[in-house]
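Oh and the sequence shown: position 415 is 923 in this note's numbering, straight run, nothing missing.
We put the beta carbon where it would ideally sit given N, CA and C, even for glycine.
Take a look at the structure set out below.
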Amino acid sequence: MSATNSTIGDAESSSNHPWSIDAVRAGGMDALAQLLGDVGFLLEALAKDPGDLFETQGMARGGITHLMVSEQVIRGAQDALEARTVVALAEVTRRDRLAEARDEAAQEDAAVRSSTLLDKQADGRTRRDLSLITRCSPSAAGSSLASARRLVASMPNMLTAMAERKVSSRAAYAVAGSVSVLDGAQCREVDAILGERLPSLDGAGVRRWRDEAAAAMMDLDAEGALLRHRRARKGRAVTIIPGDHGMADLHAHLPAIDARLLHKRLSLEAERRRAEGGDVGHGALMADALVDTVLGRDGAMEQVELDLGVIITDRALFRPDAGDPAHIEGYGPVPPEAVREQLRAAVAPRRAEPGAEHDGPDPYGEDGPATRATIRRLFTHPTTGELVAVESRGRAFPPALEKFLTWRDTSCRGPFCNAQSRQNDHIRPYAQGGPTSLDNGQDACLHCNQKENDALAVECVDDLENAGHRVAWTGHSGVTRVTAPTPLSRPPRPSPAGDQPPGPAGAAGPDESAPGNADPNALAQEPPAGIERGSAAADPEGARRRDRGTDP
């Protein structure tokens, strides 16, 4: 390790060394291509014939993990360089296509085709070359080109984080793809927000990065988020994709809340069938339940009441253009408009009640449940936006605390894990004296709940610079990643000069003219000192009423 650092240090200190930064910059892309070609030739030769390099007899584990870290350093720098290279290729291709068009028009500008058409043709050439060079489909190459352009032109924080391997290329390109509907200025604002969030996203997977980008977009462009949601709803569809070995994938594109309810119903049915002796996996039982119900076979699911948490600030509940996203349990952030229709139906009186005046049929049916929603006041940390605090004395997490953990964490808290949470986990094991509390609890998937077997240490950590519930996961390599919950509300960002700065989350009063607003007194009670009022949680499918903070 020291020899490698010494060699690189000598190269950087000497401008005449072929590996020096100044020498490569002065030599241009040809020099960089030569450097990468030499290194690539060496690495390819070692990969094909490593000799005794990977002979593990007598090899220290620390040497292997050091090699893996070095490989990641190279991969991060290569990913960022490739993004810049792709953009440079596209720019040169556009320039050359314009020159060709002028030659074809005998240098008469009036006869040259429109720049939009020429750019489209040039981008087609770049997309095809990128596809052939990287061995990916033209469609994937086109998506990579568009995302690389955004990263280079409008997202310097994400590009730098990718180069420093603080974020994977998959996550960076996923974020760049998510903001494709924004203009350059809005992309830079989202990039600035994500740059500030980097310390809290150290262990975030691709799904969490997409959620963070979506929340930032809703915060910056609430009206646009509303319009995009309405347009996206029109794309509801069911498609089938052929699979291998006589199987196929049935894909349903649905509104998020309907999809989450459907998934939860199938999951509960799978658990019921497992309890009755089902000997196949959970996913297979879910698939069987879906087929039996849709095709009307024996064992079809019966209608039940489902409990699904929807978390929304009082400001967004009454003013969907306020910019605060709603959060669906087990899914993540959505525009408030995506849940307002269900909430309006849930809080409205039953059609069968005397004196109830409504147009149209009751969405829950004439014999639907009397309790359609339970509204709870939740309190968020004033700077992190995370939910705060409740405790129990037993080993098992009580139902109220289970729900609280699910609302706070939204998905598995394992580093880079994109899985749905399946279990509540004691960060410090209960057998080692760990309490059953919000601070010592986290949501985990089945795999990450085995952390005692595959991680060296998992513990809550205090960070003076980054407040909130932070959990450090340390592997046996010594590498540590820190995870944090998804913030449910966000502190206001500084406004441009002359703009009125927004108030704290949840501080805005209800808009009495907004459709479907409920009794504002239900959400207007003052929170305890030091805690910011900001969120309401609704269980729109007949949840039982529980008071947060009590020991069931």
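### Message
Suppose the cutoff is 6 Å on Cβ atoms and the five residues either side in sequence are ignored; what does the same chain contact list for Q931 look like?
### Response
For the purposes of this step, residue 931 is identified with residue 423 of the sequence shown, where counting begins at 1. Excluding residues within five positions, the ones whose Cβ falls inside 6 Å are A952 and N957.
### Message
Looking at the secondary structure, which residues open and close the beta strand (DSSP E) in which R715 lies?
### Response
Taking the first residue of the sequence shown as 1, we reach residue 715 at position 207. No beta strand (DSSP E) holds R715; the alpha helix (DSSP H) holding it covers V714 to L728.
### Segment contact, 8 Å Cβ cut-off, at least three pairs: the segment 712-725 with the segment 832-847
yes
### Query
If we count the other Cβ atoms within 10 Å of its Cβ and call it buried at 16 or more, is E777 buried or exposed?
By one-based count along the sequence shown, residue 777 stands at place 269. That one is buried.
### Query
Are the segment 561-577 and the segment 980-987 in contact at 8 Å, needing three or more beta carbon pairs?
yes
### Message
In the DSSP output, what is H835 paired with across the bridge?
### Response
Numbered from 1 along the sequence shown, position 327 holds the residue referred to as residue 835. Note: H835 sits in a beta bridge opposite I819 and P841.
#### Entry: Runs of alpha helix (DSSP H) wholly within the segment 903-952 (minimum 4 residues, chain order)
907-917
### Query
Roughly how many angstroms lie between the CA atoms of R744 and R978, to the nearest whole one?
Numbered from 1 along the sequence shown, position 236 holds the residue referred to as residue 744. Numbered from 1 along the sequence shown, position 470 holds the residue referred to as residue 978. Between R744 and R978, the C-alpha separation is close to 38 Å.
### Query
So what's A1022 in DSSP terms, helix, strand or just coil?
Against the sequence shown, residue 1022 aligns to sequence position 514. Reliability fails at A1022, whose pLDDT of 36 lies under 50, so the model's placement of it is uncertain and the value that follows must be treated cautiously. Reduced to three states, the DSSP call for A1022 is coil.
### Query
Just checking my contact of P646 with S639 at CB under 8 Å: how many whole Å lie between their CB atoms?
Indexing the sequence shown from 1 puts residue 646 at position 138. Indexing the sequence shown from 1 puts residue 639 at position 131. The pair is a contact, with the Cβ atoms about 5 Å apart (cut-off 8 Å).
### Query
Can you give, in chain order, each stretch of the alpha helix (DSSP H) that sits fully within the segment 603-630 and has at least 4 residues?
none
### Query
Taking R583 as the reference, which of L702, E672 and P558 has the closest Cα?
Position 75 of the sequence shown, counted from the start, is the residue given in the question as residue 583. Closest by alpha carbon: E672.
### According to DSSP, residues forming a beta bridge with A965
One-based indexing of the sequence shown puts residue 965 at position 457. Answer is T982.
### Query
Do A980 and E960 have their C-beta atoms within less than 8 Å of each other?
Indexing the sequence shown from 1 puts residue 980 at position 472. Indexing the sequence shown from 1 puts residue 960 at position 452. No, the pair does not count as a contact, with Cβ atoms beyond the cut-off.
### Opening and closing residue of the alpha helix (DSSP H) in which R657 lies
Locating residue 657 in the sequence shown gives position 149, counting from the first residue. Segment P646 to S662, the alpha helix (DSSP H) holding R657.
### Query
So what does DSSP say about V987, is it helix, strand or coil?
Counting from 1 along the sequence shown, the entry for residue 987 is found at position 479. Three-state result, V987: coil.
### Task
Count the CB pairs spanning the segment 918-929 and the segment 706-717 that are closer than 8 Å, and state whether there are at least three.
yes
### Task
Determine which residues share a DSSP beta bridge with P750 and list them.
Numbered from 1 along the sequence shown, position 242 holds the residue referred to as residue 750. In DSSP, P750 forms a bridge with A756.
### Distance CB(T991)-CB(R921) smaller than 8 Å
Taking the first residue of the sequence shown as position 1, residue 991 is located at position 483. Taking the first residue of the sequence shown as position 1, residue 921 is located at position 413. Closer than 8 Å, so yes.
### Task
Determine the closest residue to T994 out of Q694, S708 and K628, with distance taken between C-alpha atoms.
For this step, residue 994 is matched to residue 486 along the sequence shown. Comparing Cα positions, the closest option is S708.
### Query
If we count the other Cβ atoms within 10 Å of its Cβ and call it buried at 16 or more, is P833 buried or exposed?
Numbered from 1 along the sequence shown, position 325 holds the residue referred to as residue 833. Counting Cβ neighbours within 10 Å, P833 comes out buried, since at least 16 surround it.
### Query
When DSSP builds the beta bridges, which residues end up paired with H761?
Here residue 761 corresponds to residue number 253 of the sequence shown, with the count starting at 1. The partner list for H761 (beta bridge, DSSP) reads A745.
#### Entry: Nearest neighbour of G650, chosen from D815, L814, G632 and S528 [CA to CA]
On the sequence shown, position 142 is the one that residue 650 refers to. That would be G632, whose Cα lies nearest to the Cα of G650.
### Query
So what's G804 in DSSP terms, helix, strand or just coil?
Locating residue 804 in the sequence shown gives position 296, counting from the first residue. In this structure, G804 counts as coil in the three-state DSSP scheme.
### Query
Who are the Cβ neighbours of L758 in its own chain at under 6 Å, not counting the five residues just before and after it?
Counting from 1 along the sequence shown, the entry for residue 758 is found at position 250. These residues qualify, in order along the chain: I748.
### Task
Leaving out five residues on either side along the sequence, give the residues of the same chain with a beta carbon under 6 Å from the beta carbon of D1027.
Reading the sequence shown from its first residue, position 519 is the one you call residue 1027. Because the pLDDT of D1027 is 37, which lies under 50, any placement of that residue in the model is unreliable, and the question is left without a value.
### Task
In the DSSP assignment, find the unbroken alpha helix (DSSP H) run with Q694 in it and report its ends.
Position 186 of the sequence shown, counted from the first residue, corresponds to residue 694. First-last of the alpha helix (DSSP H) with Q694: G692 to R705.
### Query
Alpha carbon to alpha carbon, what distance is there between D710 and V577?
Indexing the sequence shown from 1 puts residue 577 at position 69. Indexing the sequence shown from 1 puts residue 710 at position 202. Roughly 16 Å separates the two Cα atoms.
#### Entry: Per-residue DSSP class, three states only, for E784
Taking the sequence shown and counting its residues from 1, the one referred to as residue 784 is at position 276. The answer is coil: DSSP assigns E784 none of H, G, I, E or B.
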